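Keeping their order, the protein sequence lines are chains W and C.
Using my numbering, read the first sequence as starting at 299 and increasing by one per residue.
Using my numbering, read the second sequence as starting at 478 and increasing by one per residue.
Yeah, the Cβ is synthetic: ideal placement off N, Cα and C, and Gly gets one too.
Quantities reported herein were computed from a predicted structural model and do not represent experimental measurements.
What follows is one structure encoded as C-alpha cells, with my remarks underneath.
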Amino acid sequence: MSSAVHQVAIPVDLWEEEVEAVITTWFVSDAAQVDKGDLLAEVMAEKIQFEIVAPVTGTLAIVKHQDQLIDKGDVIATITSAPD
Amino acid sequence: MAAKERKLTVARAMAEAMAQEMRIDEHVFVMGEDVGPLGGVFGNTRGLFEEFGAERVRDTPISETAFMGAAVGAAADGMRPIVELMFVDFFGVCFDAIYNLMAKNTYFSGGNVNVPAVIMTSTGGGYSDGGQHSQCLYGTFAHLPGMKVVVPSNAFDAKGMMTAAIRDNSPVVYMFHKGLQGMGWLGTEAGATVNVPEEQYTVEIGKAATVSEGEDVTIVSLGMGVHHSLHAAAQLREQGVSAEVVDLRTLVPLDRDHIVNSVKKTGRLVVVDEDYQSYGVSGEIIASVVERDMSILRSPPQRVAYPDIPIPFARHMEQWALPNAEKIVTACLKATQNDE
Chain W
299 MSSAVHQVAI PVDLWEEEVE AVITTWFVSD AAQVDKGDLL AEVMAEKIQF EIVAPVTGTL
359 AIVKHQDQLI DKGDVIATIT SAPD
Chain C
478 MAAKERKLTV ARAMAEAMAQ EMRIDEHVFV MGEDVGPLGG VFGNTRGLFE EFGAERVRDT
538 PISETAFMGA AVGAAADGMR PIVELMFVDF FGVCFDAIYN LMAKNTYFSG GNVNVPAVIM
598 TSTGGGYSDG GQHSQCLYGT FAHLPGMKVV VPSNAFDAKG MMTAAIRDNS PVVYMFHKGL
658 QGMGWLGTEA GATVNVPEEQ YTVEIGKAAT VSEGEDVTIV SLGMGVHHSL HAAAQLREQG
718 VSAEVVDLRT LVPLDRDHIV NSVKKTGRLV VVDEDYQSYG VSGEIIASVV ERDMSILRSP
778 PQRVAYPDIP IPFARHMEQW ALPNAEKIVT ACLKATQNDE
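In C-alpha cells:
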C-alpha cells in the first residue's frame, strides 16, 4: 500500500558519441499527472532530437530543467506512482 | 482534477495542423528543402513523410525559383500547396513568382483564379548565424498587396493559424521565428510551448490578441518580440508601471482597430519589432494610430526595432542589436515619464 518513486533517466545508449546534450522542451509541468507512455521531454544531442516518454503512470517531479546540459544516464525527473 | 496538459512546441503544432488537414483534403501537399524524411530543419514537417509519402511530401532541390513557381502554378490549378523556403533571407531568388504571380493573379484574372498557397519560412536571429540567416523581413512581405501574412508567437496560434492558412483561398505567407520552434541548438523561448487541443481548430487570420492587460502603456509586437514584451511587462509591474501587451499575430490584414483601442486606453505606445526599423512594421503601427486619432497619445510613440544595419555574426555585436526586455522597459519608462 505504499507509493513508489520511479526514475526517468536518459538511456545510456540513446546516442553513441560522447557529446553534450541538452533538454530542449518539457511538454509537461512539474507536479503534473502523467500516464505511462506520455511524451515528457525532448533532448538534443548533436542537433538530433530524442523523445523521452513516461515509464510509469504517476506524479512528475522535474529534476533537470529546460536548457540544462545532460549526460547519458542522468536522472531528469522522478515519477511517484499512486499506492497499489 | 485539472484537464491533462497537452503542451506542444511550435514545430509540433505546425506539423499536427498540416497532418490533420492533409488527412481530410487530398489537395494539400508539402514541398521544400528537407521537408521529407528529415522533417524540416526546424522540425515543423516531422512525421509527414512517414504518413503521407513522397508524392505529397516532396523534397526539392535547392532551386527556389523552380519550386516556388511550381507551387504558385499548382495553387492556381486547384491544389493547396504548402511550400517551405527554409530561411526568409533567401527569397530574393524567387520573388517574381511571389510578387508578380502569386500576389497578383487573383486580381489580374478579375477574381476568376484563386491562389490558395501557403508559403512558410523561418525568421529571426539571436544565435550567431550571420546576416543572411537571421533577418525577419516582415515588412518586405507585408508591404506588397495580395498576400496575407501571419506570424504566430506560440504553439496554440501556430496550429490554428496554419489550419486557417491552408483553408484560405488567398496566398498566405506564414512566418515562424526560429527561437520559438523548440529546437535546442537555437535556444527556445519557453513561453511559446503551450497547451494545444488535439482536435482541429482555426485562429482567425487578421485578429490581434491582447496577451497581457495593462493601463499605462501599450506594447505592440509579434513573434519573438511578444515574449520579450511579456518579460518586460513583468519587470515594469515591479516598478509600478502597468503595461498591456498586444500580439499582432497577423500583419496582413492588420488589426488596426485592436491596436487603436488599446492605445486609447493607455495613451502610450511602444512598438517592438525584430525587423529593420526604417520603412517597416514599426512605422506602420505608429502611423495607423496617429492617422486615426492623434489626440489619444499622451507621449511620443517609441520603437524598439532592429537598427538599420546588416546583422552581425559576432555574438556580442548581434546581441547588442537585438530587441530585448531591457530595451523595452527603457522605452516604456520613457513613454510614461514624458507625459504632458
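Using CA atoms only, rank isn't needed, just tell me which of the options is closest to residue i.
| i | options | result |
| --- | --- | --- |
| residue 740 (chain C) | C:702, C:715, C:770 | C:770 |
| residue 682 (chain C) | C:485, C:593, C:626, C:708 | C:626 |
| residue 793 (chain C) | C:505, C:492, C:552, C:606 | C:606 |
| residue 659 (chain C) | C:517, C:590, C:797 | C:517 |
| residue 551 (chain C) | C:590, C:778, C:812, C:777 | C:590 |
| residue 563 (chain C) | C:599, C:767, C:734 | C:599 |
| residue 528 (chain C) | C:543, C:670, C:519, C:499 | C:499 |
| residue 336 (chain W) | W:312, W:306, W:381 | W:306 |
| residue 809 (chain C) | C:787, C:755, C:722 | C:722 |
| residue 812 (chain C) | C:638, C:778, C:742, C:629 | C:778 |
| residue 710 (chain C) | C:805, C:532, C:632, C:557 | C:805 |
| residue 768 (chain C) | C:776, C:645, C:733, C:524 | C:733 |
| residue 745 (chain C) | C:785, C:553, C:774 | C:774 |
| residue 424 (chain C) | C:784, C:714, C:719 | Any property of residue 424 (chain C) remains undetermined from this structure, which presents chain C solely from 478 to 817. |
| residue 814 (chain C) | C:713, C:758, C:636 | C:713 |
| residue 696 (chain C) | C:594, C:766, C:580, C:617 | C:766 |
| residue 645 (chain C) | C:593, C:620, C:657 | C:593 |
| residue 323 (chain W) | W:370, W:315, W:376, W:360 | W:360 |
| residue 772 (chain C) | C:737, C:781, C:761 | C:737 |
| residue 776 (chain C) | C:763, C:782, C:788, C:787 | C:763 |
Given a cut-off of 7 Å, decide if residue j and residue i are closer than it, judged by their beta-carbon atoms.
| i | j | result |
| --- | --- | --- |
| residue 513 (chain C) | residue 487 (chain C) | no |
| residue 749 (chain C) | residue 689 (chain C) | no |
| residue 677 (chain C) | residue 640 (chain C) | yes |
| residue 522 (chain C) | residue 507 (chain C) | yes |
| residue 489 (chain C) | residue 672 (chain C) | no |
| residue 378 (chain W) | residue 317 (chain W) | no |
| residue 537 (chain C) | residue 509 (chain C) | yes |
| residue 320 (chain W) | residue 342 (chain W) | yes |
| residue 785 (chain C) | residue 755 (chain C) | yes |
| residue 565 (chain C) | residue 541 (chain C) | no |
Report, in whole angstroms, the separation of the C-beta atoms of residue i and residue j, which I expect to be a contact under 8 Å.
| i | j | result |
| --- | --- | --- |
| residue 752 (chain C) | residue 615 (chain C) | 5 Å |
| residue 610 (chain C) | residue 666 (chain C) | Contact doesn't hold; Cβ gap of about 19 Å is too wide. |
| residue 747 (chain C) | residue 680 (chain C) | Incorrect: roughly 25 Å between the Cβ atoms, too far for contact. |
| residue 603 (chain C) | residue 795 (chain C) | 7 Å |
| residue 358 (chain W) | residue 330 (chain W) | 5 Å |
What residues in the stretch 667–700 of chain C have a beta carbon less than 8 Å from any beta carbon of chain W?
Against chain W - using a Cβ distance shorter than 8 Å - the residues of the stretch 667–700 of chain C are 667, 670.
Run through the stretch 738–774 of chain C for me and flag every whole beta strand (DSSP E) of 3 or more residues, listed as ranges in chain order.
Listed in chain order, the complete beta strand (DSSP E) runs (minimum 3 residues) inside the stretch 738–774 of chain C are 746–753.
Quick check on the DSSP output: what are the complete beta strand (DSSP E) runs of length 3 or more inside the stretch 518–604 of chain C, in order along the chain?
Qualifying beta strand (DSSP E) stretches, in chain order: 534–536, 557–564, 595–600.
Residues of the stretch 587–613 of chain C in Cβ contact with chain W at a cutoff of 9 Å, in chain order, please.
Taking 9 Å as the Cβ-Cβ cut-off against chain W, none of the residues of the stretch 587–613 of chain C qualify.
Selection of the stretch 351–382 of chain W by Cβ proximity to chain C, strictly under 8 Å:
Contact annotation: in the stretch 351–382 of chain W, residues whose CB is within less than 8 Å of a CB in chain C are 364, 365.
Taking the runs of the alpha helix (DSSP H) that are 4 residues or longer, which of them lie wholly in the stretch 769–805 of chain C?
Runs found: 792–798.
Anything in the stretch 510–528 of chain C with a Cβ closer than 8 Å to a Cβ of chain W? List those residues in chain order, please.
520: these are the residues of the stretch 510–528 of chain C whose beta carbon lies less than 8 Å from some beta carbon of chain W, given in chain order.
Contact list for the stretch 303–335 of chain W against chain C, Cβ threshold 9 Å:
Those would be 319, 320, 321, 322, 323, 324, 325, 326, 327, 330, 331, 332, 333, in chain order.
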